[in-house]
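Residue numbering for the sequence shown is 53 to 185, as defined by this note's numbering. Just so it is clear, CB atoms sit at the ideal spot from N, CA and C, and this is done for glycine as well. All figures in this text were calculated on a predicted structure; none of them were measured in a lab. What follows is a short report on a single structure.
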Amino acid sequence: MTTTPQGNGLKIMVIDDSSTIRRSAEIFLTQAGYQVVLAEDGFDALAKINDHQPSLIFCDILMPRLDGYQTCALIKKSAKFHSTPVLMLSSKDGLFDRARGAMVGSAAYLTKPFTKDSLLTAVREHTAAASAQ
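Put into structure tokens, the structure is as follows:
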């Protein structure tokens, strides 16, 4: 397996309680040349985020213990990670869900199940926007 150079070694965190979603995202992102950090829920993510310092975070909304909105809000309150793009992942595609995500600081909203193309397009858009700032 060869990795394409487009990822430039950027580190991306995927927070999702579904092992299938985590594994799919990991395969798609790794093949594109990104480094991937996986977290099972918000608490797991918060424990790992400081050590790994991801450039971009995908965060599921419906998770046990600490949901995606709470996790995103906590990440955005951190001075260190305030500017890190957080993209919400959800099987729900309602206006209310998107608005609530935006209210807690989410940069975008990706509906599950996502395709490899939609995932990589979201990464390119938000890492380019972050590096342009």
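I need the straight-line Cα distance from residue i to residue j, nearest angstrom please.
i, j, result
"T163", "L139", "10 Å"
"P57", "I79", "A caution first: P57 carries a pLDDT of 45, below 50, which makes its placement in the model too unreliable to give a value."
"T54", "G61", "The pLDDT assigned to T54 is 37, lower than 50, so where the model puts this residue is not dependable, and the model offers no usable value."
"A91", "D149", "22 Å"
"V188", "L108", "The structure shown does not extend to residue 188, since the chain spans only 53 to 185, so no value can be given for it."
"T179", "A160", "12 Å"
"V88", "D103", "13 Å"
"S96", "L118", "A quick correction: the sequence has Asp, not Ser, at residue 96. Answer to the nearest angstrom: the Cα atoms are 10 Å apart."
"S143", "R74", "14 Å"
"T167", "I127", "26 Å"
"G85", "M155", "31 Å"
"L130", "V66", "According to the sequence provided, residue 130 is Ser. The question's Leu does not apply to it. Going by the C-alpha atoms only, they are around 18 Å apart."
Suppose contacts are defined by Cβ-Cβ distances below 8 Å. Is residue i in contact with residue j by that definition?
i, j, result
"G146", "T123", "no"
"K169", "D112", "Here the sequence assigns Asp to residue 169, which means Lys is not the residue at that position. It is not a contact, given that the beta carbons lie outside the stated cut-off."
"G153", "A125", "no"
"I64", "L81", "yes"
"A77", "L171", "yes"
In terms of alpha-carbon separation, which member of the options lies closest to residue i?
i, options, result
"P137", "I101, S76 and F110", "F110"
"S71", "F133, H134 and M115", "M115"
"P165", "L98, E177, A151 and L141", "L141"
"S135", "A84, V66, G85 and Q105", "Q105"
"Y121", "A151, A131 and Q83", "A151"
Spell out whether any CB of chain B is found under 8 Å from the CB atom of residue i.
i, result
"C124", "Absent here is chain B; the protein component of the structure consists of one chain."
>> Restricting to runs no shorter than 3 residues, where is the beta strand (DSSP E) found entirely within the region 122–182?
In response: 138–142 and 160–163
> At which residue ranges does the region 67–91 contain complete beta strand (DSSP E) runs of 3 or more residues, listed in the order of the chain?
Replying inline: 87–91
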